[in-house]
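This report refers to the structure that appears directly beneath it.
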Amino acid sequence: MSAPSQLPPLPADLTLDRPRARAAARGEGVLSIVVALAASLFLLFLVAPLVGLVGGGGAAGLRQLVSDDELQFSLLLTIGTATLATLLGIMGATPVAYALARGRFRGRSFLAAMIDLPLLIPHPVAGIALLLVLGRNTPLGSALWAMGMQITGSVTGIVCAMLFVSAPLYVSAAREAFDRVDPRFEGVARTLGDSAWQAMRRVTLPLAWRGLLAAAIVMWARAVSEFGAIVILVYHPRVASVLSYERFTAFGLREALPVAAVLVLLALVPLVALRALRGDERLPSRRR
Amino acid sequence: MISLDNVSAQVGDFRLEDISFTVPQGSYGIVIGPTGAGKTTLVEAIAGVVPTTKGRVMLGGTDLTHAPPEQRRLSLVYQHAYLFPHLTVRENVGYGSTSSRVTVEMLERFGLGEVAGRDVRVLSGGERQLVAIARALARRPEVLLLDEPFAALDPRRRVTVRRELRTIYFERRFTALQVTHDFHEAGLLGDVGVVLDRGRLLQVAKPEELFRKPASPMVADFLGAENVFAGTVQPIRDAVPDWVPSADAEDVEHAVAFTTGGVTLYALGHVIPGNAHAVIRSDDISLSRVAGASSVRNQFRGIVTELAPAGAITRVSIDVGGLPLVAAVTTRSARELQLAPGVEVFAAFKATAVHIC
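Chains as they are written, first to last, in this note's numbering: chain A, 40 to 327; chain B, 1064 to 1420.
Structure follows, in structure tokens:
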């Protein structure tokens, strides 16, 4: 029996280079610290102003909610108009979102881009654009005025401004919700006797409702926070964002702080609702 | 009856083009083809789920090309079931059902009674497919379209479900069209076989004819023929007077010699002289260790190159003067003949077993 031959040496790149390994570990450690530091600074930048605002004016804002009639009215107006704008958005934009998700028609990309445009332009510009179409001296505005419908300086105007700037968000999110429903579900429903409307009602909407509700919540939150377009179209009656701006310019930071803090707290409502909706989506079904 | 006349359809970049075939009333059609052949698009076009761009779709003798799916009196079962996830098993089966009695009957027939109240999302793949089939049948369709309906089932359940579906089919005698990858299933179920590839129709025939007489080497290859050879063909009718043409003057089959490499095979066929392909099914080739005197026209000496036993059947690869032949024999025969790589054998097959295309 021959003696066992000696093992060949490992290739140079596979041998353990201890100094190099230590240097690599050191490099990874430094990188982790840099990333953590950058992330912390970024989070601080996002959160600190809001925490400062709520911390500085939250309690006063909640107290004012009870005693300040103007703030109460402004908040109710904001919530009411945002809700109305959202309902109108759901009614008008849901078919558009569905058509964009399912339709294969000429000009689909152009239509989608047009719908996204209000999201990209500065909001005062959106207000000016609305004023050019709905202002009292425009053909449409004067016709509406003649029918007793005032846009500028009215609740209707607030709803129009909110709808204009926030509906594109709804269309985009609702389109994604419809995209997530495989069209073959509708196809099967149709072969089982449903008309297109019945398949939509019995299959598509029940499967897409979470996404549609999330889209509506996002739209509502955006409508509540709108300022630029509203202030151009309707200064009075004042929604909460306009009221906080007015108090800031007329009385300074101290007076504006409680109103602003209440607006931040109000924004938490849709945020919590969205979180709950997504959390519920991940839960297994309880039906057996 | 399902009758398609030059039907074309488009889904994205994929085009289904000029498809024509008929599945007679009460018959069972089978659609076979490789992945990407357009099988699903075809059944979707028949169902009206995918619009046709050309041609006519006739169902039960009525032109329903432009009718919406709900007016076509058909049901469609997809490979992935597409059960409505927000409904229970019972609600799914009852979705398009003609009555609650039929729903209960379908639940019972497919053994779904115990899971009727369950959320469909907790079902196994096999159970989901059963629900999809029960849901489709509860509508009492005149035409049933099935897109690989047994693919998700385990072998034992596949046999049971296929048998149950077959029983219901014989009871009701609806017209069915089933997409499958399974050649065995195609031979077992089908009255009409349709072969598709890349959106085009390759052949329509009875399943056994598809296997025996494929229209092209592509069809032969897809249907699992192991011996497909390219070569040239020449009629030899005059040289072989003992070969009599068919009695039908319109259907004269010529005796032909097919040459591939250095080997000449004898066959019958309606053949234009020139380049062609010869197809021989492996189970038509018999093997022996000695040359025998018989009526078999094709007998070749060869050397075994490989044995591939698979249960009761062994596939034997033989080199016949450079021509690679594969014969399927019983494993017992292979053992009795003492077949092994390097052994000399004689491969024999009748001229009628050689299909020229």
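Glycine is no exception: its CB is placed at the ideal position from the N, C-alpha and C atoms.
For the candidate residues B:S1163, B:S1090, B:L1240 and B:Y1158, whose alpha-carbon lies nearest to that of B:T1104? Closest by alpha carbon: B:L1240.
Which runs of the alpha helix (DSSP H), 4 residues or longer, sit entirely within the stretch 73 to 139 of chain A? Qualifying alpha helix (DSSP H) stretches: none in this window.
What three-state label does DSSP hand B:H1333 in the structure shown? Coil at B:H1333, not helix or strand.
Suppose you measure from the CA of A:Y209 to the CA of B:V1222; what does that come to, to the nearest Å? Approximately 49 Å between the Cα atoms of the pair.
Terminal residues of the beta strand (DSSP E) in which B:A1199 lies: Segment G1188 to A1201 is the alpha helix (DSSP H) holding B:A1199; no beta strand (DSSP E) there.
By the 10 Å Cβ neighbour count, where 16 or more other Cβ atoms means buried, how is B:T1098 classified, buried or exposed? Answer is exposed; the Cβ neighbour count stays below 16.
Expressed to the nearest angstrom, what Euclidean distance is found between the alpha-carbon atoms of A:D218 and B:G1180? Taking the Cα positions, A:D218 is about 29 Å away from B:G1180.
By the three-class DSSP mapping on this structure, what secondary structure does B:P1304 have? Residue placement at B:P1304 is flagged as unreliable, the pLDDT there being 43, under the threshold of 50; a coordinate-derived value is accordingly withheld.
Enclosing alpha helix (DSSP H) for A:V185 [first to last residue]: The sequence shown places Ala at residue 185 of chain A, rather than the Val named in the question. First-last of the alpha helix (DSSP H) with A:A185: P178 to A185.
What distance in whole Å lies between the Cβ atoms of B:V1383 and B:I1410, which are believed to be in contact at a cut-off of 8 Å? Contrary to the premise, residue 1410 of chain B reads as Ala rather than Ile in this sequence. At roughly 6 Å, the Cβ-Cβ gap stays under 8 Å, so B:A1410 and B:V1383 are in contact.
Would a check of beta-carbon distances place B:L1139 closer than 8 Å to chain A? Yes, B:L1139 lies at the interface with chain A (some Cβ there is under 8 Å from its Cβ).
Coarse secondary structure for B:E1234, derived from DSSP in three states: Assignment of B:E1234 by DSSP, reduced to helix, strand and coil, places it in the helix class.
Is it right to say B:H1476 is buried, meaning 16 or more other beta carbons lie within 10 angstroms of its own, or is it exposed? Residue 1476 of chain B is absent from the model: chain B starts at 1064 and stops at 1420.
Candidates B:T1230, B:L1216, B:R1235 and B:A1214: closest to B:E1205 by CA position: Cα-wise, what sits closest to B:E1205 is B:R1235.
For the stretch 218 to 242 of chain A, enumerate the residues whose C-beta is nearer than 9 Å to any C-beta of chain B, in chain order. Hits within the stretch, in order: D221, P222, R223, F224, E225, G226, V227, A228, R229, T230, L231, G232, D233, S234, A235, Q237, A238, R241 and V242.
Along the stretch 246 to 271 of chain A, what residues have a CB closer than 8 Å to any CB found in chain B? Per Cβ criterion, the list reads L246.
Going by the C-beta, is B:P1280 closer than 7 Å to any heavy atom of the ligand ZN? Summarising the ligand content, the structure contains no ligands, and the ligand ZN is consequently not present.
Can you confirm whether B:P1270, when its beta carbon is compared against all beta carbons of chain A, has any partner nearer than 8 Å? At least 8 Å separates the CB of B:P1270 from every CB of chain A.
Close beta carbons around B:A1201, own chain, < 6 Å, minus the five adjacent residues each side: Sequence-distant Cβ neighbours of B:A1201 in its own chain, meaning closer than 6 Å and more than five residues away, are V1156, S1160, V1165, T1166 and M1169.
Go ahead and pull the three-state DSSP assignment for B:L1216. Looking at B:L1216 - three-state DSSP - the assignment turns out to be coil, as it is neither helix nor strand.
Using a Cβ-Cβ cutoff of less than 8 Å, which residues in the same chain neighbour B:F1412 once the five nearest sequence positions on both sides are dropped? The residues are I1343, D1347, I1348, S1349, V1359 and N1361.
For the stretch 1079 to 1110 of chain B, enumerate the residues whose C-beta is nearer than 9 Å to any C-beta of chain A, in chain order. Those would be E1107 and A1110, in chain order.
Contact belief for B:I1065 with B:I1093 at Cβ below 8 Å, rounded distance in angstroms: Between B:I1093 and B:I1065 the Cβ distance is about 12 Å, and since that is not below 8 Å, they are no contact.
Count the other CB atoms, across all protein chains shown, that sit within 10 Å of the CB of A:L156; report buried if there are 16 or more and exposed otherwise. A:L156 is exposed by the Cβ-count criterion.
For B:L1418, I'd like the list of residues in its chain whose CB is within less than 6 Å of its CB, leaving aside the five on either flank, ordered along the chain. The question names Leu, yet the displayed sequence has His at residue 1418 of chain B. For B:H1418, same chain residues with a beta-carbon under 6 Å away, outside a window of 5 residues either side, are K1276 and V1342 in chain order.
Local Cβ density within 10 Å of B:T1125, reported as buried at 16 or more and exposed below that: The residue is exposed, with fewer than 16 neighbouring Cβ atoms inside 10 Å.
Below 8 Å between beta carbons: does that hold for B:I1196 and B:L1228? Yes, Cβ-Cβ distance for B:I1196 and B:L1228 is below 8 Å.
Is the CB of B:F1285 under 8 Å away from at least one CB in chain A? Chain A contact via Cβ: absent.
Tell me the rounded alpha-carbon separation between A:I118 and B:H1244. Between A:I118 and B:H1244, the C-alpha separation is close to 59 Å.
Closer than 6 Å by C-beta to B:L1386: which residues in its own chain qualify, once you throw out the five before and the five after it? Chain order, please. Exclusion of the five residues before and after B:L1386 leaves G1324 and V1326 as the residues of its chain whose Cβ lies within less than 6 Å of its Cβ.
Beta-carbon spacing of B:V1242, B:D1210 below 8 Å: The Cβ atoms of B:V1242 and B:D1210 sit closer than 8 Å to each other.
Taking the continuous beta strand (DSSP E) assigned at B:R1364, which residues delimit it? Taken as a continuous stretch (DSSP letters only), the beta strand (DSSP E) holding B:R1364 covers N1361 to A1373.
At which residue ranges does the stretch 189 to 259 of chain A contain complete alpha helix (DSSP H) runs of 4 or more residues, listed in the order of the chain? Counting only runs of 4 or more residues that sit fully inside the stretch 189 to 259 of chain A, the alpha helix (DSSP H) segments are 194 to 218, 222 to 230 and 235 to 238, in chain order.
Let's see if you can read the secondary structure: which residues bound the beta strand (DSSP E) around B:M1121? Counting along the chain, the beta strand (DSSP E) containing B:M1121 begins and ends at T1115 to L1122.
Quick check on this structure: which residue in B:F1213, B:V1113, B:H1143 and B:G1089 has the alpha carbon closest to the alpha carbon of B:R1075? The displayed chain sequence assigns Gly, not Arg, to residue 1075 of chain B. The shortest Cα separation from B:G1075 among B:F1213, B:V1113, B:H1143 and B:G1089 belongs to B:V1113.
Measure the C-alpha to C-alpha separation of A:V311 and A:A254 and round it to an integer number of angstroms. Answer to the nearest angstrom: the Cα atoms are 14 Å apart.
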